[in-house]
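Asker:
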Amino acid sequence: MDKVVCEDCGKSCIPRLWNYSPFLGGIYFIPVRHLKTQHLCAFCGICMYETGGEITFIAKLILLYVLIPLPLMYLIDDHNFPTWAYILYVLIVTVIAFAAKIKEMIKRFT
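Numbering (the working numbering), first residue to last: 2 to 111.
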């Protein structure tokens, strides 16, 4: 393990880890964010730095395919759900948002 120098007390130590759920860590049963980890100084107890807390894959899907397009689809036509616009939106967002993962999958299979 690498030792980290604490900026508060100036001693180098292996930090203790403390996991906690960030604000909006989950909505009911849907995990929205990963746990955050605080790296605490073993001598003075101050938080030296934090890692983690990214948005989960499920939350990205809900955000990109449900929460953002619904108001847009309502603006297009407030009486009938415009299926053609939603399908076009899904195709464009999928290609843009997941382009790197799609390229990686293509490389893996070729």
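Idealized CB from N, CA, C, for every residue including glycine.
From PRO70 to VAL94, what does the alpha carbon distance come to, in whole angstroms?
Answerer: As a first step, residue 70 is located in the sequence shown; it is residue number 69 there, counting from the start. As a first step, residue 94 is located in the sequence shown; it is residue number 93 there, counting from the start. Going from the Cα of PRO70 to the Cα of VAL94 covers about 10 Å.
Asker: Within this structure, are the beta carbons of LEU36 and ASN20 separated by less than 7 Å?
Answerer: Translated into positions along the sequence shown, residue 36 becomes position 35. Translated into positions along the sequence shown, residue 20 becomes position 19. Yes, they are a contact pair.
Asker: Could you tell me the boundaries of the alpha helix (DSSP H) in which ARG17 lies?
Answerer: The sequence position of residue 17 within the sequence shown is 16, counting from 1. Looking at the DSSP string, ARG17 is not in any alpha helix (DSSP H); the run it does join, the beta strand (DSSP E), is 17-21.
Asker: Report buried or exposed for CYS7, applying the criterion of at least 16 other Cβ atoms within 10 angstroms of its Cβ.
Answerer: One-based indexing of the sequence shown puts residue 7 at position 6. By the neighbour-count rule (16 or more Cβ atoms within 10 Å), CYS7 is buried.
Asker: With a threshold of 8 Å on Cβ separation, who are the neighbours of LYS61 within its own chain once the five nearest residues in sequence on each side are excluded?
Answerer: Locating residue 61 in the sequence shown gives position 60, counting from the first residue. The residues are ALA98.
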